[in-house]
Structures are given as C-alpha cells and as structure tokens.
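Undergrad:
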Amino acid sequence: MKMSIGQTIEMIYLDKAGKITQRKIEILGIRDGRIRATCLTTNAPRVFLVANVLSWRPLAENRHAG
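Taking UniProt numbering, the leading residue of the sequence shown gets 1, the next gets one more, and so forth.
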C-alpha cells in the first residue's frame, strides 16, 4: 500500500528528539523523502521525514455518519 496526496492516515512517527508519537494527518504532498501534511490534531501544517515513519494505516472516511 502506498501513501498518496489527499489521503488521511494515522501514523506512528519518530520525531527529531527521538520521541515516538502517533498522529493523524492529511497528506498534501510527498517529495524528496518528505511528507507535507496537515496535522489533524493541531490543524497545523507539518513536514515529516518518510524515513521516520515507523508504521501507518489509511483512515476510513466517515462521510455518511449520522
């Protein structure tokens, strides 16, 4: 499975301080080993290194929820 632009994912990430975090993001772009995204927790733009993504999964869109 491959990450793609516009996709919303949940990931486990190793940050630059060596801390493991879990984030939900919307991917805006992927280039040169970097993921440009919006963090859905903070609603802030972020850049993540692809090499530091420990695991990820796509989030199911829930557009029809009541």
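Just so it is clear, CB atoms sit at the ideal spot from N, CA and C, and this is done for glycine as well.
Computed from a prediction, not measured in an experiment: that's the story for all the values here.
1) Quick one: what does DSSP say Ala51 is sitting in, helix, strand or coil?
2) Closer than 6 Å by C-beta to Arg36: which residues in its own chain qualify, once you throw out the five before and the five after it? Chain order, please.
3) Hey, out of Val53, Leu54, Lys24 and Ser55, whose CA is closest to Pro45's CA?
4) Near Tyr13, which residues of its chain fall below 8 Å by C-beta distance, leaving aside the five closest residues on each side in sequence?
5) Kindly indicate which three-state DSSP category Gly29 falls into: helix, strand or coil?
TA: Reading from the atomic positions:
1) For the purposes of this step, residue 51 is identified with residue 51 of the sequence shown, where counting begins at 1. Helix at Ala51.
2) Working through the sequence shown from its first residue, we reach residue 36 at position 36. Taken in chain order, the residues that qualify are Leu28, Gly29 and Val47.
3) Walking along the sequence shown from the start, residue 45 turns up at place 45. Taking only the C-alpha atoms, the option nearest Pro45 is Lys24.
4) On the sequence shown, position 13 is the one that residue 13 refers to. Same-chain partners within the cutoff: Ile20, Thr21, Gln22, Arg23, Phe48, Asn52, Val53 and Leu54.
5) Working through the sequence shown from its first residue, we reach residue 29 at position 29. Reduced to three states, the DSSP call for Gly29 is strand.
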